[in-house]
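**Student:** A single structure is presented below for examination.
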Amino acid sequence: FLGTFLFFFTYVLYNVFNYTGHYASLDLLSTIRVARMFKLINLHPRLKIITTTITYSSTLLNLSIFFCILVILIAGSSLYYVERLSNPSDSQIISVIDGVWLALTTITTLGFGDIVPKSLLGMILGAITTIFGVLIIDLPMPIVNEMFDNFNRHLLARQQLPKQRRRITPAVIPRKIKPFVPSNGHAHQHHS
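Residue numbers for the sequence shown follow this note's numbering, so the first one is 959 and each next one is one higher.
So, in structure tokens, the structure goes:
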């Protein structure tokens, strides 16, 4: 619906009203149509495993993002102060924002090279920041991978079931367990 509406809206705007300019908001609205592709995730079971894994891992991923931001801010301000104290005239890091940018590119291991530490202490701090980046990004991945593997095994097991049994009970609904009552009607008692 949105795609058809945008087509007619731009047609009327450009042809009926003879508008010759450019609306950036129209481009933004047209990119919203791409969001329809995310509905396809629900149609394919393998893609749904990825979204389910991310959903169930969101606490771990949010914690990793928090620590990553924290390390970026601490390392960025530390890099700024170390560089300013060691050699202020030769330093490329002229503000805390530059230090945060350097820490961000270092933690993500991109390393653009536009800003680099010049002092020995700054280089050591940059190396430590790289190690923290690798640890923060890589440590949660085995847990997420294990969760993905569990969901994938569950999907494969469900696909092995006959189609009639697949719809019986979802795996997340707990079943009530009835107490065992022997055939004589009395509960088993230990005799001493």
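Each residue gets a CB set at the ideal place from its N, CA and C atoms; glycine is no exception. In this text, all values refer to a predicted model and were calculated from it rather than measured experimentally.
Could you give the uninterrupted runs of the alpha helix (DSSP H) lying entirely in the region 1058-1114, keeping only those of 4 residues or more?
**Tutor:** 1078-1096, all fully within the region 1058-1114.
**Student:** When burial is assigned at 16 or more other CB atoms within 10 Å of the CB, is residue 996 buried or exposed?
**Tutor:** Here residue 996 refers to the residue found at position 38 of the sequence shown. Burial call: exposed.
**Student:** Give the range of the alpha helix (DSSP H) segment to which residue 1003 is assigned.
**Tutor:** Here residue 1003 corresponds to residue number 45 of the sequence shown, with the count starting at 1. From DSSP, the alpha helix (DSSP H) with residue 1003 extends over 1003-1014.
**Student:** Where residue 1035 and residue 998 are concerned, what is the direct C-alpha to C-alpha distance, given to the nearest angstrom?
**Tutor:** Taking the sequence shown and counting its residues from 1, one reaches residue 1035 at position 77. Taking the sequence shown and counting its residues from 1, one reaches residue 998 at position 40. Distance between the alpha carbons of residue 1035 and residue 998 is about 43 Å.
**Student:** Determine, using beta carbons only, whether residue 1009 comes closer than 8 Å to chain D.
**Tutor:** No chain D is part of this structure, which consists of one protein chain only.
**Student:** Take residue 1045 and list the residues in its own chain whose beta-carbon comes closer than 8 Å to its own, dropping the five residues that flank it on each side.
**Tutor:** Against the sequence shown, residue 1045 aligns to sequence position 87. Result list for residue 1045: 1076, 1077, in chain order.
**Student:** DSSP state of residue 1000, grouped into three classes?
**Tutor:** Here residue 1000 refers to the residue found at position 42 of the sequence shown. Three-state DSSP puts residue 1000 in a helix.
**Student:** Would you report the Cα separation of residue 1067 and residue 1091, rounded to the nearest angstrom?
**Tutor:** Here residue 1067 refers to the residue found at position 109 of the sequence shown. Here residue 1091 refers to the residue found at position 133 of the sequence shown. Whole-angstrom Cα-Cα distance: 7 Å.
**Student:** Do residue 1101 and residue 1005 have their C-beta atoms closer together than 8 Å?
**Tutor:** Counted from its first residue, the sequence shown places residue 1101 at position 143. Counted from its first residue, the sequence shown places residue 1005 at position 47. Cβ distance not < 8 Å, so residue 1101 and residue 1005 don't count as in contact.
**Student:** Identify, in the order they occur along the chain, each residue of the same chain with its Cβ nearer than 8 Å to the Cβ of residue 1053, setting aside the five sequence neighbours on each side.
**Tutor:** Numbered from 1 along the sequence shown, position 95 holds the residue referred to as residue 1053. Excluding sequence neighbours, residue 1053 sits near 1038.
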